[in-house]
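Student: Let me give you the structure first, and then I'll get to my questions.
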Amino acid sequence: MKDWKPQHYRRSPGASAVPAPVIAAAIATGEKTVAVHPSLPPILTLKHLAYLTQVPYPHLRDYVTREVDAYKIFRVRKRARRGQPTSFRVICVPPKSLAVAQQWIAKYVLARGVTHNASTAFAPDCRLVVAAAPHCASRWLIKVDVQRFFESISEVDCYRVFRSLGYQPLVSLELARICTRIGPFNGLRRNKRWFRKAPLETSKIKSYAIRRLGHLPQGAATSPMLANLAMREADVLLTALAERYGLTYTRYADDLTFSTAAREFQRADARKAIYEIYGVLRQFGLAPNLTKTAIVSPRSRKIVLGLQVDQDEPKLTRAFKMKMRMHLHYLEHEDVGPLKHAERRGFSAVAGMRNHLMGLAAYAIQIEPAYGKDIKARFERIAWPVLY
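If you use this note's numbering, the sequence shown corresponds to residues 660 to 1047, in order.
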């Protein structure tokens, strides 16, 4: 998509039939957007967005007015934690036309937004090994998890993101509505922050007047980047807090990690820092998952984002390598092989198991290239069935 230029409007076919003040207003609006980032596309109205995304205008209008909620909702069981009850992740799959609009917004709008440098996820060049690297060779780690991260980012938060990108108030509201949905009225939604403050009668567009506010759905293409951009101010405060305690701070989506190599840092300091971290999160309507908060002391094994960071650079964990060793042992064993091993491990097809293992090898190559290439070569030498 080419960068917007005002000459496009002045010289476009039919421009002569448009009143000069309208052209001037459109150019002024576009210039506010490209002033934020030269590659941001100006969006003048909802109909303009329909033209840009090639999504029918009535569809976008229905999503903005909340007349239609066609998301398909299903739950995915989270990895079980010892001693903890089973929990689920709610996935919301948007209908095709909404998905197209969200993908366009993610690609051409949100990808141009600038996140805080402590944010290490959902960017084109983000990698786990880079995200974990700042915490290598630390003596202390503090790990905090945000509960229901996407669902805690409100329609108002999204509106502010689009306003910060130079879009006009009405368009920002419409973009925020397209990227959010109103979920079930549960305990979380009873808080006053999930209700519109201004009286409904003050709304200039009556069909837009809705009392309840939407949240980011997990499953929409726009949610990851919107959440990151909405967290920018929180990241600023958390970085300042970390600096006061002599800590390094990074955030990978809902995983907050603080670390230090300082010998004078003590457990009491970690507890004080955690108390303040919780306070910052609550300022932004976020709640920590208390069961996942952890203080990792100097003699304990240190894992960040599934990678071992005890040394000068991130490494694969011993558990990961033992798992790969197990798979290779049985795949290469003449009395077991791919068919029996797939059945024993619960795979419905050998092809699924092979794809899974090759994916793990690709992941290993990113972290420890020599080791990853070795196990990939061994997987490729396996006598896989012709029809797998």
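Cβ coordinates follow ideal geometry from the N, Cα and C atoms, glycine included.
Where does methionine 660 land, buried or exposed, given buried means 16+ other C-beta within 10 angstroms?
Tutor: Translated into positions along the sequence shown, residue 660 becomes position 1. The residue in question, methionine 660, is exposed, as its Cβ has fewer than 16 Cβ neighbours within 10 Å.
Student: Using alpha carbons as the reference points, say which of Ala893, Phe844, Val895, Met890 lies closest to arginine 871.
Tutor: By one-based count along the sequence shown, residue 871 stands at place 212. Minimum Cα distance to arginine 871 is reached at Phe844.
Student: Who are histidine 874's beta bridge partners in DSSP?
Tutor: As a first step, residue 874 must be located in the sequence shown, where it is residue number 215. Histidine 874 is bridged to Ser813, Arg840.
Student: What is the rounded straight-line gap between the Cα of glutamine 970 and the Cα of proline 793?
Tutor: Here residue 970 is taken as the residue at index 311 of the sequence shown, counted from 1. Here residue 793 is taken as the residue at index 134 of the sequence shown, counted from 1. Approximately 11 Å between the Cα atoms of the pair.
Student: Just to check my reading of the structure: alanine 1023 and leucine 987 have Cβ atoms closer than 8 Å, yes? What is that Cβ distance to the nearest angstrom?
Tutor: Along the sequence shown, read from residue 1 onward, the residue named residue 1023 stands at position 364. Along the sequence shown, read from residue 1 onward, the residue named residue 987 stands at position 328. Actually they do not touch by this definition, with Cβ atoms about 12 Å apart.
Student: Using the beta-carbon count (16 or more within 10 Å), is leucine 859 buried or exposed?
Tutor: Here the question's residue 859 lines up with position 200 in the sequence shown. Under this definition leucine 859 is an exposed residue.
Student: Does DSSP put proline 904 in a helix, in a strand, or in coil?
Tutor: To locate residue 904, count along the sequence shown from 1; it is residue 245. Checking the displayed sequence, the identity of residue 904 turns out to be tyrosine instead of proline. In the structure shown, tyrosine 904 sits in coil (DSSP, three-state: anything other than H, G, I, E or B).
Student: Could you check whether aspartate 914 and leucine 949 sit closer than 8 Å to each other, using their CB atoms as the reference points?
Tutor: Along the sequence shown, one-based indexing puts residue 949 at 290. Along the sequence shown, one-based indexing puts residue 914 at 255. Their beta carbons are not under 8 Å apart, which means leucine 949 does not touch aspartate 914 by this criterion.
Student: Throw me the rounded Cβ distance for the serine 813 and arginine 852 pair, which I believe falls under 8 Å.
Tutor: Numbered from its first residue, the sequence shown carries residue 813 at position 154. Numbered from its first residue, the sequence shown carries residue 852 at position 193. About 7 Å separates the two Cβ atoms, so the contact holds.
Student: Write down the C-beta distance between proline 753 and alanine 879 rounded to the nearest angstrom, noting that I regard them as a contact closer than 8 Å.
Tutor: Start at 1 with the first residue of the sequence shown, and residue 753 comes out as number 94. Start at 1 with the first residue of the sequence shown, and residue 879 comes out as number 220. Their Cβ separation, rounded to whole angstroms, is 6 Å, which keeps proline 753 and alanine 879 in contact under 8 Å.
Student: I'd like the list of long-range same chain contacts for alanine 946, defined as Cβ closer than 8 Å, with 5 residues on each side in sequence excluded.
Tutor: Numbered from 1 along the sequence shown, position 287 holds the residue referred to as residue 946. Contacts found: Val805, Gln806, Arg807, Ser811, Leu940.
Student: Relative to the C-alpha of serine 831, which residue among Ser956, Leu757, Leu769, Val749 is closest?
Tutor: As a working mapping, residue 831 is identified with position 172 in the sequence shown. The shortest C-alpha separation from serine 831 is found at Leu769.
Student: Of all the options Phe809, Phe854, Ala899, which has the alpha carbon lying nearest to the alpha carbon of histidine 874?
Tutor: Walking along the sequence shown from the start, residue 874 turns up at place 215. Closest by alpha carbon: Phe809.
Student: Among Arg720, Ala683, Ile1041, Gln713, whose alpha-carbon lies nearest the alpha-carbon of isoleucine 864?
Tutor: Here residue 864 corresponds to residue number 205 of the sequence shown, with the count starting at 1. It is Arg720.
Student: Do the CB positions of histidine 775 and valine 695 come within less than 8 Å of each other?
Tutor: Here residue 775 corresponds to residue number 116 of the sequence shown, with the count starting at 1. Here residue 695 corresponds to residue number 36 of the sequence shown, with the count starting at 1. In this structure, valine 695 does not lie closer than 8 Å to histidine 775 by Cβ.
Student: Using alpha carbons as the reference points, say which of Pro700, Leu847, Leu757 lies closest to proline 717.
Tutor: Reading the sequence shown from its first residue, position 58 is the one you call residue 717. Taking only the C-alpha atoms, the option nearest proline 717 is Leu757.
Student: Count the other CB atoms within 10 Å of the CB of asparagine 887; is the residue buried (16 or more) or exposed (fewer)?
Tutor: Locating residue 887 in the sequence shown gives position 228, where the first residue counts as 1. Looking at its Cβ environment, which holds 16 or more other Cβ atoms inside 10 Å, asparagine 887 is buried.
Student: Report yes or no: do three or more beta-carbon pairs, one from the segment 777-789 and one from the segment 920-927, lie closer than 8 Å?
Tutor: No contact exists between the segment 777-789 and the segment 920-927.
Student: Per DSSP, what kind of secondary structure is tyrosine 767 in: helix, strand or coil?
Tutor: As a first step, residue 767 is located in the sequence shown; it is residue number 108 there, counting from the start. In this structure, tyrosine 767 counts as helix in the three-state DSSP scheme.
Student: Per the contact definition of three or more C-beta pairs closer than 8 Å, is the segment 819-838 in contact with the segment 685-694?
Tutor: As far as the Cβ criterion goes, the segment 685-694 touches the segment 819-838, which means the pair count is three or higher.
Student: Can you give me the start and stop residues for the beta strand (DSSP E) that glutamine 806 sits inside?
Tutor: The count along the sequence shown starts at 1 and reaches residue 806 at position 147. From DSSP, the beta strand (DSSP E) with glutamine 806 extends over 799-806.
Student: Leaving aside the five residues before and after threonine 712 along the sequence, list all residues of the same chain whose C-beta is less than 7 Å from its C-beta, in chain order.
Tutor: Working through the sequence shown from its first residue, we reach residue 712 at position 53. These residues qualify, in order along the chain: Val759, Ala760, Trp763.
Student: Look at the Cβ atom of lysine 766, then the Cβ atom of threonine 952, and state whether they are nearer than 8 Å.
Tutor: As a position in the sequence shown, residue 766 is number 107, starting the count at 1. As a position in the sequence shown, residue 952 is number 293, starting the count at 1. No, they are not a contact pair.
Student: Reducing DSSP to helix, strand and coil, say where arginine 891 ends up.
Tutor: Taking the first residue of the sequence shown as position 1, residue 891 is located at position 232. Three-state result, arginine 891: helix.
Student: Does valine 1045 pass the burial test, meaning 16 or more other C-beta atoms within 10 Å, or should it be called exposed?
Tutor: To locate residue 1045, count along the sequence shown from 1; it is residue 386. Valine 1045 should be labelled exposed.
Student: Exposed or buried, what is leucine 998 when buried is set at 16 or more other beta-carbons lying within 10 Å of its beta-carbon?
Tutor: Taking the sequence shown and counting its residues from 1, one reaches residue 998 at position 339. Exposed, since its Cβ has fewer than 16 Cβ neighbours within 10 Å.
Student: Would you grab the beta carbon distance between methionine 639 and arginine 910 for me? Rounded to a whole angstrom, and I think it's under 8 Å.
Tutor: Past the edges of the chain, shown from 660 to 1047, lies residue 639, and the structure says nothing about it.
Student: Once DSSP output is grouped into helix, strand and coil, what is the label at arginine 670?
Tutor: As a position in the sequence shown, residue 670 is number 11, starting the count at 1. Note: arginine 670 maps to helix in three-state DSSP.
Student: What does the alpha-carbon distance come out to for the pair serine 698 and arginine 748?
Tutor: Translated into positions along the sequence shown, residue 698 becomes position 39. Translated into positions along the sequence shown, residue 748 becomes position 89. Going by the C-alpha atoms only, they are around 35 Å apart.
Student: Nearest to isoleucine 954 by alpha carbon, out of Ile933, Pro973, Val820, Glu972?
Tutor: Translated into positions along the sequence shown, residue 954 becomes position 295. It is Ile933.
Student: Under the rule that 16 or more other beta-carbon atoms within 10 Å means buried, what is histidine 1000, buried or exposed?
Tutor: Here the question's residue 1000 lines up with position 341 in the sequence shown. Flag for histidine 1000 reads buried.
Student: With C-beta atoms as the reference, is alanine 1020 less than 8 Å away from glycine 1031?
Tutor: Taking the sequence shown and counting its residues from 1, one reaches residue 1020 at position 361. Taking the sequence shown and counting its residues from 1, one reaches residue 1031 at position 372. Their beta carbons are under 8 Å apart, which means alanine 1020 touches glycine 1031 by this criterion.
Student: Helix, strand or coil for aspartate 913? Go by DSSP, reduced to three states.
Tutor: As a position in the sequence shown, residue 913 is number 254, starting the count at 1. Coil, per DSSP.
Student: Measure the alpha-carbon distance for histidine 992 versus glutamine 1025 and round it to whole angstroms.
Tutor: Taking the first residue of the sequence shown as position 1, residue 992 is located at position 333. Taking the first residue of the sequence shown as position 1, residue 1025 is located at position 366. For histidine 992 and glutamine 1025, the distance between alpha carbons rounds to 28 Å.
Student: Short check: CB of threonine 688 to CB of proline 680, under 8 Å?
Tutor: Start at 1 with the first residue of the sequence shown, and residue 688 comes out as number 29. Start at 1 with the first residue of the sequence shown, and residue 680 comes out as number 21. Not closer than 8 Å, so no.
Student: Any heavy atom of the ligand FAD within a distance shorter than 7 Å of the CB on glutamate 814?
Tutor: Here there are no bound small molecules, and the ligand FAD is not part of this structure.
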